[in-house]
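The structure appears right after this line, and notes come after that.
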Amino acid sequence: MHGSRGSFSGHPSTRAVARSGALLALLAAGWLASVLGAPQDSVQGVVQKILYVHVPCAFAAYLGFLVTGVSGALYLWRGEARFDRVAAASAEVGLLFCSLVIVTGPIWAKATWGHWWAWDPRLTVTLLQWFIYLAYLLLRSFTEGDERAARFAAVYGLLGVFAIPLNYFAIELFGSAAMHPENLQRGSLGAGMGLPFLAGVLTALAAYLHLLLLRADSIERRNALQELLEARGS
Amino acid sequence: MRVLLAVLWKDLLSEWRSRDRVVAMLIFSLLVAVVFHFSLPGGAGARSQAQAPGLLWIAYIFAAVLGLNRAFSVELENDALSGLALVPVDRGYVFLGKALANTAILGVVQAVTAVVFALFFQLDLLPIALPLAGVVALGSLGVTAAGTLFAAVAVRTRFREVMLPLLLLPLLVPVLAGAVRATAALLQGDSAPWDALQLLIVTDAIYWIVSFLGFEYVLDE
Amino acid sequence: MSGALIRGRGLEKRFGRSVALRGVDLDVRAGEALAVVGPNGAGKSTLLRMLAGLVRPSAGTLLLGGIPAGRPGARAQIGLVAHATFLYPQLTARENLLFAGRLHGVAQPEARAARLLEEEGLADAAGRAAGSFSRGMAQRLSIARALMHDPPVLLLDEPFTGLDRRAGDSLCARIRALRAAGRTFLLVTHDLAQAAALADAALVLASGLCVRELRGAELGAAALEQAYALAAGTAR
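See the structure below:
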C-alpha cells in the first residue's frame, strides 16, 4: 500500500519520471525539427503551424480526462491510494493542456477567419471540458478530508467522462458554424504536413506522461513526508 | 425498493409540512421571469417569443439548484445523512427516493412557472400541454439525477452553495440543449425533434445509472 | 455457532496525510460487551464507524458474522448510537421511528415503534416533533431508532456525552437490560469506571494502535486506569 520510505532517489517512480523526461526531450527535439522543416501552408501562412501545437494538445487534454475518470473508478473499486494520485495528477496536467488548446485555437482562428471565437463545436466541447476539469479540481480542494475528496472526485470524474460525448452531441444539436477543417484524415493534409502532426501528437503524449508521473510522484512524496512528520510526534 | 419509497415519503412529508423549499423556488422563478422581462430589448411579449424556451429552462435550472441545495442540508442536522448511510441495502435506493422527491417538487414549481411564462410571453400552452409536460419531465429527470448526486457531495464541502452549480452546470449542457430544442419546436407548433428527445433520453439514462451506482461511495463518511 | 461474531485483523485507516488506525485486531464473541477506550484521536470512533459500514478500511479485514463490514448484509446486523442522533427535527418521534423501521425493512413498524417508545419512556412524547426534545430524550429516541430492526450488535459511540447524572444512570441500566437479552455490544467511552462496570473486555487504543487488551477477570477500574495512562503517554 505504501511506497518505500527509504531514500527517494532509488524510488521506482522517480526513475520513471527521469525516463519519461528523457523520452520527452527526444521526441520534442524531433517534433521541433519537423515543424520547422514543414512547408508553409499556401493559404494560411505561418500561423497554420500553431495547429501543430493545438491538435496534439487536444489529444492530451482528452486523454487526461479519460485517465482521470478511469483511474477514479479504479480507486473506488480497489481503494488503492495510487489510483487516486494518478487521477488527481492527470486532472492537473490535463487542465494545462486543455488551457493550451483554448488559447491556441482562437489565435489560429483570428489569423485565419478574422474572429477570435465563433462557437466552433470542437472548441466549445473543449471549453466545457475545461470547466469540468476546473470543477473537479475545486471539488478536491474544497472537500474536507483527503479520502472524502478522493471519493467525491472519483464519482464526479466518472460522470464528467460521460459528459464529454454527451456535450459533443448537444453542440451538434445546436448546429453551429464549424471553423475547424473537417479534414483530419491522412489524404487531405498537404504534403509534408503529416509528419509534424504525428510527431506533435507523440510529443504531446510524452509530455503528458512525463508531467503526470512528475506530479503523481510529487503528490506521493508530499503525503509520505506529512505522514512521517505526524508519526514523529507533532 | 421499500427504501426508495420510505425516503420519498419522508422527503415529501417534510416538504409538505414546512413547504419552505417549494415556496422559495416559486418566488425565485417568478422573480427571474420578471427580471427577464427587463433584460430583453422590448420586454417579454409576443415579439420575444423566440427567447422564451431558453429563458424558461434557465429559470428551471436556477430554481432546481436552489431547491437541491436545501434537499441535503436538512440531512446534515443531527447527521441524519449517516443514518441514511446505514440502510441494509444498496445506498443507490436512497438516491432514487431523494431524486424522485426532488423531481416531484421541481415539477410543481415548473408547472407554475410555465403558466407565468405563458402569461408574460403571450404563449398558448394549452394545445401542447401534454407533450410539453413530457419534455419538461425528461429535462427535469436529467437535472435532478446529477443534481441530487452533486447536492449530496456539495453539502459536505466548503462553500457548498457555490459548489453545486459549479459541479452541475457543465454537465447540464446536454440536458439544456435537448430540452430547449424540443420546447422551442413544440412552441412553434411542430412536434419535438427526435434527435433532441434521443439526447435527453440517453443523457437521463446515463446520469441516473451512474448516480445510482456512485451514491454508495458518496454516502461514506 | 461459537467463535467470534466480529473479527477484525490488521485494520488500517490511512489516506494521504491522515492516519486514524495503524493495524488493529478485534475479536468479539456473540453476547459479549467490548469497551473501546483511549485518548482523543486514538481511532476509537473510526473503528466503530468501520464496523457500522460508514468508513471503509484502507487495509485489513473486518467481518460481522462472516460478512465484510460495509456490505448491506453486515449493515443489517448493527444498530448505531452516536453523539449525533440521526433524527429529523421536523418529524415526530413516532415518524422518526417509522422511517427508520421502513429503511431497515421492519415488518409492522407501527407496533414495534409503539413498543420501543414505551420501553424508552417516551410514549407520551410520541406525537411531538423530535426537534423539541431535550438531549436526554433525544438520546433515548436515538436508541429506540437503533433498536427498531432488532440488530444483534449494538454500537455505542460515547453515548454518555452531554447527559446529566440521572440520564446517564438510566442509560447504564438500559444497556444492562439490553445486554441481558443477549445482544453484543461495543461501547466507546471516556468514562473508565462505567466501561469497567459494563463490559466483559476492553480494548485500549492510542494513535491508531491497540496498546492493551483486557479480558474478564483482569478487567477492573484500576487496571483500566493504568492502561489508559499508558495509552495517553504513548499518544503524547
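Protein sequence lines correspond, in order, to chains A, B and C. For the first sequence, my numbering assigns the number 43 to the initial residue and increments by one for each residue that follows. For the second sequence, my numbering assigns the number 13 to the initial residue and increments by one for each residue that follows. For the third sequence, my numbering assigns the number 20 to the initial residue and increments by one for each residue that follows. Backbone N, C-alpha and C fix where the C-beta goes; we use that ideal spot for every residue, glycine too.
In the DSSP assignment, B:V192 falls within the unbroken alpha helix (DSSP H) covering V185 to L199. Nearest neighbour of B:A92 by Cα position, chosen from C:L106, C:G29 and C:I194, turns out to be C:L106. When rounded, the separation of the alpha-carbon atoms in B:S94 and C:L166 is 16 Å. By the beta-carbon neighbour count (other beta carbons within 10 angstroms, threshold 16), B:P53 is exposed. Assignment of C:T180 by DSSP, reduced to helix, strand and coil, places it in the coil class. Exclusion of the five residues before and after A:A191 leaves R182 and T185 as the residues of its chain whose Cβ lies within less than 6 Å of its Cβ. Look at C:V43: its C-beta is not under 9 Å from any C-beta on chain A.
Per DSSP, reduced to three states, the secondary structure at C:G72 is coil, with no helix or strand assignment. Looking at the DSSP output, C:L45 bridges to C:G27. Rounded to whole angstroms, the gap between the alpha carbons of B:F48 and A:C99 is 40 Å.
Closest in C-alpha terms to C:R154, from the list C:E177, C:A148 and C:G181, comes C:G181.
Chain order gives the chain C residues near B:S30 as Q109, where near means a beta carbon separation below 9 Å.
B:S51 counts as exposed, since fewer than 16 other C-beta atoms from the protein chains shown sit within 10 angstroms of its C-beta. Excluding residues up to 5 positions away in sequence, M175, L179 and V230 lie with their Cβ nearer than 8 Å to the Cβ of B:V165 in the same chain. Here C:S37 is bridged, per DSSP, to C:F34. For B:A97, the uninterrupted alpha helix (DSSP H) run begins and ends at A92 to A97, by DSSP.
DSSP, reduced to helix, strand and coil, places C:G79 within a strand of the structure shown. In this structure, B:V106 lies away from B:V167, with their beta-carbon atoms at least 9 Å apart.
In this structure, B:A64 is the residue among B:A64, B:P100, B:S203 and B:L112 with its C-alpha nearest to the C-alpha of B:F133. Taking a beta-carbon distance threshold of 9 Å, B:E27 does not count as an interface residue toward chain A. Spanning the alpha carbons of B:A123 and B:G146 requires a straight line of approximately 12 Å. When C-alpha distances from A:L105 are compared across A:Y210, A:E272 and A:L254, the shortest belongs to A:L254. Look at the beta carbons and you see the stretch 171-178 of chain C touching the stretch 96-110 of chain C: at least three pairs across the two are nearer than 8 Å.
Taking 3 residues as the shortest admissible run, the stretch 181-207 of chain A contains no complete beta strand (DSSP E) segment at all. B:A71 and C:A112 have their C-alpha atoms roughly 38 Å apart. Boundaries cannot be given for C:R147, as no beta strand (DSSP E) includes it and DSSP labels it neither H nor E. Under the DSSP definition of a beta bridge, C:I97 partners with C:V172. Here C:F204 carries a strand assignment [DSSP, helix/strand/coil]. C:A126 and C:A149 have their C-alpha atoms roughly 23 Å apart. Between C:L67 and B:L98, the C-beta spacing is not below 9 Å.
What B:D102 touches in chain A, judged by beta-carbon distance under 8 Å, is nothing: the nearest beta carbon there is about 14 Å away.
Straight through space, the alpha carbons of C:G27 and C:L45 are spaced by roughly 4 Å. Bridge partners of C:A52 according to DSSP: C:F204. Shown in chain order are the members of the stretch 83-99 of chain B whose Cβ falls below 9 Å from a Cβ of chain C: V86, E87, E89, N90, D91, A92, L93, S94, G95, L96, A97, L98 and V99. By the criterion of a C-beta distance shorter than 8 Å, C:A218 is surrounded in its chain by A52, L53, A54, F204, L206 and L238, once the five residues flanking it on both sides are discounted. Between C:L70 and C:L228 a beta carbon distance of about 17 Å is seen, past the 8 Å cut, so the two are scored as non-contacting.
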